[in-house]
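Counting in this note's numbering, the sequence shown runs from 7 upward without gaps. Don't be surprised by glycine CBs; every beta carbon is placed ideally from N, CA and C.
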Amino acid sequence: MHPVAAAVAPMKDEAIEASRVKALAILDNIKARLEAAGWDLEIAAPWPDTHNSSRAEYASKRARAQLYASLTKPSPDRQFCRRPKDPDIRVWSEEDAVRYVKQAQRDAAAQYDAYVIKLIGKVGDGVLAAEMSYLAGLWYNSVLVVTKEGGLTERWKTSCIINVSKLGTVFNQWPTRKIK
């Protein structure tokens with residue numbers, strides 16, 4: 007295993023856990039919005055109007071409606087067909103919520119692996135040893151100290167940013183800068 011990969015490997019579990027926590031917070035928010043709307047999908051996350059929306063606004067509202075619909079099921083006492091202006095009463099789908107969280111965790115693991123590959127590329131060749139230190143918590147200003155051939159020592163500072171796309175996907179970013 008590359009010395010940089012070995013130094014940052016313990017943080018992968020933390021990245022996965024942080025994504026799980028963020029996904030659960032998103033689910034709590036969605037559930038609260040649905041409850042406030044009486045579980046009517048047409049009120050909580052209405053399908054966008056194609057005539058009065060910009061392309062970006064339409065895509066964002068459509069993604070929200072699809073995400074809410076993917077986390078719920080039609081109410082069991084709903085009629086077989088629903089007219090366009092009728093309420094779309096939904097019930098929470100625990101299975102789909104669990105799937106959403108697991109997907110966020112899988113994505114975090116894949117994104118972390120991509121981060122490690124990118125970090126190895128940034129640090130470059132000739133790495134003899136690498137050690138991670140944490141100034142204020144695992145992802146807040148962590149510093150990777152790299153020793154290269156010839157005794158050259160470099161320091162690389164990394165933070166973690168957990169974002170949510172407008173499509174509702176949780177993803178991590180790890181901006182890393184060389185400290186001069």
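Legend entry - Gln118 and Leu33 closer than 9 Å at C-beta: Taking the sequence shown and counting its residues from 1, the one referred to as residue 118 is at position 112. Taking the sequence shown and counting its residues from 1, the one referred to as residue 33 is at position 27. Residue identity differs from the one stated: residue 118 is Tyr in this sequence, not Gln. The answer is no: Cβ separation not under 9 Å.
Legend entry - At least three beta-carbon pairs within less than 8 Å, the stretch 146-166 to the stretch 123-133: Note that the stretch 146-166 touches the stretch 123-133; at least 3 beta-carbon pairs, one per stretch, sit closer than 8 Å.
Inset, instruction - Report the three-state DSSP secondary structure of Pro181 (helix, strand or coil). - result: On the sequence shown, position 175 is the one that residue 181 refers to. Here Pro181 sits in coil by DSSP.
Legend entry - CB contact flag (Asp94, Leu30, <9 Å): Mapped onto the sequence shown, residue 94 falls at position 88. Mapped onto the sequence shown, residue 30 falls at position 24. No.
Inset, instruction - Using only alpha-carbon positions, find the residue among Ile185, Val176, Cys166 that is nearest to Thr159. - result: Mapped onto the sequence shown, residue 159 falls at position 153. Ranked by Cα distance from Thr159, the options Ile185, Val176, Cys166 are led by Ile185.
Legend entry - Cβ pair Arg197, Trp53 closer than 9 Å: Nothing about residue 197 can be read from this structure; the chain reaches only from 7 to 186.
Inset, instruction - Could you spell out the range, first to last residue, of the beta strand (DSSP E) harbouring Ala136? - result: Counting from one through the sequence shown, the residue named residue 136 turns up at place 130. 133-140 is the span of the beta strand (DSSP E), which, as asked, contains Ala136.
Inset, instruction - May I have the straight-line CA-CA distance separating Ala173 from Tyr64, to the nearest angstrom? - result: To locate residue 173, count along the sequence shown from 1; it is residue 167. To locate residue 64, count along the sequence shown from 1; it is residue 58. Before going on, a small fix: residue 173 reads as Leu here, not Ala. Near 12 Å, if we compare the C-alpha coordinates of Tyr64 and Leu173.
Legend entry - In DSSP terms, what Asp113 is bridged to: The residue given as residue 113 occupies position 107 in the sequence shown. Residue pairing by DSSP places Asp113 in no beta bridge whatsoever.
Inset, instruction - May I have the straight-line CA-CA distance separating Arg96 from Glu41, to the nearest angstrom? - result: Your numbering for residue 96 matches position 90 in the sequence shown. Your numbering for residue 41 matches position 35 in the sequence shown. Answer to the nearest angstrom: the Cα atoms are 10 Å apart.
Inset, instruction - Please name the residue, chosen from Glu137, Ser66, Ser25, that lies closest to Pro16 on a Cα-to-Cα basis. - result: Here residue 16 corresponds to residue number 10 of the sequence shown, with the count starting at 1. For Pro16, the nearest C-alpha among the options comes from Glu137.
Legend entry - Backbone CA spacing between Pro9 and Trp162 [nearest angstrom]: Working through the sequence shown from its first residue, we reach residue 9 at position 3. Working through the sequence shown from its first residue, we reach residue 162 at position 156. Rounded to the nearest whole angstrom, the C-alpha separation of Pro9 and Trp162 is 14 Å.
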